[in-house]
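J.:
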Amino acid sequence: MLESWRWRETEALKGLGVLCMDQAPNGVAWFGGNDCIASYDGMRAEKVPIDEELLSIITVGAVRPRVNAILVLDDDRVLAVIGRSLVLRDNNEWQVIISNAGVEHFNTFLKRSVDGSIWLMTRKKVWHISEDLSEHKAVATSGRTSSFSSLCLDREGHAWLANVALQQQMHLVQFKCGSEPFQSEYEKVFHRVPAEQTGSEAAVAVGPDGRIWFGDNLGVNRLYAFNMEQGRWEEPLEEELKTNIFSMTSGQDGTVWLGGLGKLYAIRDRNVDAYSRSQLELPAVALRFYE
Numbered sequence: 149m150l151e152s153w154r155w156r157e158t159e160a161l162k163g164l165g166v167l168c169m170d171q172a173p174n175g176v177a178w179f180g181g182n183d184c185i186a187s188y189d190g191m192r193a194e195k196v197p198i199d200e201e202l203l204s205i206i207t208v209g210a211v212r213p214r215v216n217a218i219l220v221l222d223d224d225r226v227l228a229v230i231g232r233s234l235v236l237r238d239n240n241e242w243q244v245i246i247s248n249a250g251v252e253h254f255n256t257f258l259k260r261s262v263d264g265s266i267w268l269m270t271r272k273k274v275w276h277i278s279e280d281l282s283e284h285k286a287v288a289t290s291g292r293t294s295s296f297s298s299l300c301l302d303r304e305g306h307a308w309l310a311n312v313a314l315q316q317q318m319h320l321v322q323f324k325c326g327s328e329p330f331q332s333e334y335e336k337v338f339h340r341v342p343a344e345q346t347g348s349e350a351a352v353a354v355g356p357d358g359r360i361w362f363g364d365n366l367g368v369n370r371l372y373a374f375n376m377e378q379g380r381w382e383e384p385l386e387e388e389l390k391t392n393i394f395s396m397t398s399g400q401d402g403t404v405w406l407g408g409l410g411k412l413y414a415i416r417d418r419n420v421d422a423y424s425r426s427q428l429e430l431p432a433v434a435l436r437f438y439e
């Protein structure tokens, strides 16, 4: 991490304008950017442009659509949120799964649950999609002054989201679905975040002990963890940490990583290791993780 000379720019990926990425089981990385999706096997990048045929069947805004989320499925099938539409790339053909999934925004999440179903979060809507992509359901819509900002899935496959209402409150929202999720209502539980002020963005992640971590980009609030078994908020660190948090993820070794303004934070056993911009030789921009 601190050996900045190991960071390298890959010539094959130049000009993609990468906004999201995912990795297939075979190690191939897939990227979504401006005007294309692309695969990279470590040597060669192969671009798939957003062509006129695709533009004719998806929902777009006033500008040419971007790819804001991507998820690699089995057999090299690729799901992508392009413009406002969720589309599938299969055998060199496009198929629209959801025509209008919600407002186009870079804070869009596609995640696969333990049961194979898929969760999609846009700024204004949350969708649950069956494993075979034949069924989908909009399970939540944010209010006029609020938006969804981040999504994570716990070990049982339940979805947890950060909901931000500017100058009002922030909530952690839990979604529970029954044995027939597309035929019944979803149970939604709102947990108010005990923060004094409200950020414009928030991030969530599942910690190694199952608690749901929550942080925001304002820089004045603490980092919180929600204990779902006891139904209460806890402070997960030995020392108070108030910093701008734009993204969050959990490593396989139990480390919780936070992305800040050109800074990274690694949390292990209630202690924080901070990596500054000068150490990483990165600019003062919001750092975002892709799993």
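Residues 149 to 439, numbered by the numbering used here, are exactly what the sequence shown covers, in order.
C-beta atoms are modelled at their ideal positions from N, C-alpha and C, and glycine is treated no differently.
Classify Pro-329: buried if its beta carbon has 16 or more other beta carbons within 10 angstroms, exposed otherwise.
T.: Buried.
J.: Of the choices Gly-347, Ala-353, Gln-316 and Ser-426, whose alpha-carbon is the least far from that of Gln-322?
T.: Nearest of Gly-347, Ala-353, Gln-316 and Ser-426 to Gln-322, Cα basis: Ala-353.
J.: For Ile-218, which residues in the same chain have their Cβ closer than 8 Å to its Cβ, ignoring the five residues on either side in sequence?
T.: Within the same chain, Ile-218 has close Cβ partners Cys-168, Met-169, Asp-170, Trp-178, Phe-179, Gly-180, Ile-185, Val-226, Leu-227, Ala-228, Val-229 and Leu-258.
J.: Where do the ends of the alpha helix (DSSP H) carrying Gln-322 lie?
T.: No alpha helix (DSSP H) holds Gln-322; the beta strand (DSSP E) holding it covers 318-324.
J.: CB-CB under 7 Å to Ile-198, same chain, minus the five flanking residues each way: which ones, in chain order?
T.: Excluding sequence neighbours, Ile-198 sits near Asp-183, Cys-184, Pro-213 and Ile-230.
J.: Could you tell me the distance, in whole angstroms, from the CA atom of Gly-264 to the CA atom of His-306?
T.: Distance between the alpha carbons of Gly-264 and His-306: 12 Å.
J.: Using a Cβ-Cβ cutoff of less than 8 Å, which residues in the same chain neighbour Lys-272 once the five nearest sequence positions on both sides are dropped?
T.: Excluding positions up to five away in sequence, the list reads Gly-250, Val-251, Thr-289, Ser-290, Ser-295 and Phe-296.
J.: DSSP three-state label for Gln-315, please.
T.: It is coil, neither helix nor strand.
J.: Applying the criterion that 16 or more other CB atoms from any shown protein chain within 10 Å of the CB defines a buried residue, is Arg-370 buried or exposed?
T.: Looking at its Cβ environment, which holds 16 or more other Cβ atoms inside 10 Å, Arg-370 is buried.
J.: Would Asp-421 be called buried (16 or more neighbouring beta carbons within 10 Å of its own) or exposed?
T.: With fewer than 16 other Cβ atoms within 10 Å, it is exposed.
J.: On the DSSP letters alone, give me the boundaries of the beta strand (DSSP E) that Arg-260 sits inside.
T.: Taken as a continuous stretch (DSSP letters only), the beta strand (DSSP E) holding Arg-260 covers 257-260.
J.: In three-state DSSP terms, what is Asp-224?
T.: Helix at Asp-224.
J.: CA-CA distance, Phe-437 and Ser-327?
T.: Straight-line Cα distance between these residues: approximately 32 Å.
J.: Taking the Cβ atom as the reference point for each residue, do Leu-320 and Phe-254 lie within a distance shorter than 8 Å?
T.: Contact flag unset, no.
J.: Tell me whether Glu-377 sits in a helix, a strand or coil according to DSSP, three-state version.
T.: Coil.
J.: Can you grab the Cα-Cα spacing for the pair Ala-440 / Val-235, in whole Å?
T.: Summary: the structure shown does not reach residue 440, with the chain confined to residues 149 through 439, and so no result is reported for it.
J.: Name the one or two DSSP bridge partners that Gly-171 has.
T.: It is Gln, not Gly, that sits at residue 171 in the sequence shown. BP columns for Gln-171 point to Ala-177.
J.: At what residues does the alpha helix (DSSP H) containing Glu-194 begin and finish?
T.: First-last for Glu-194: 193-197, but that is the beta strand (DSSP E), not the alpha helix (DSSP H).
J.: What does DSSP give as the partner residue(s) for Asp-421 in the beta ladder?
T.: Bridge partners of Asp-421: Ala-414.
J.: In three-state terms, what does DSSP make of Ala-249?
T.: Here Ala-249 sits in coil by DSSP.
J.: Rounded to a whole number of angstroms, what is the C-alpha to C-alpha distance between Arg-192 and Ala-160?
T.: Distance between the alpha carbons of Arg-192 and Ala-160: 6 Å.
J.: Taking all protein chains shown into account, do 16 or more other C-beta atoms lie within 10 angstroms of the C-beta of Leu-203, making it buried, or fewer, making it exposed?
T.: Flag for Leu-203 reads exposed.
J.: Determine the DSSP secondary structure at Glu-279, reduced to helix, strand or coil.
T.: Note: Glu-279 maps to coil in three-state DSSP.
J.: In three-state DSSP terms, what is Gln-243?
T.: The answer is strand: DSSP assigns Gln-243 an E or B state.
J.: Just how far apart, CA to CA, sit Val-176 and Asp-238?
T.: Taking the straight line from one Cα to the other gives about 16 Å.
J.: Is there contact here, the stretch 333-345 with the stretch 420-434, by at least three beta-carbon pairs under 8 Å?
T.: Touching, no, given that fewer than three Cβ pairs across the two stretches are closer than 8 Å.
J.: DSSP state of His-343, grouped into three classes?
T.: The sequence shown places Ala at residue 343, rather than the His named in the question. It is coil, neither helix nor strand.
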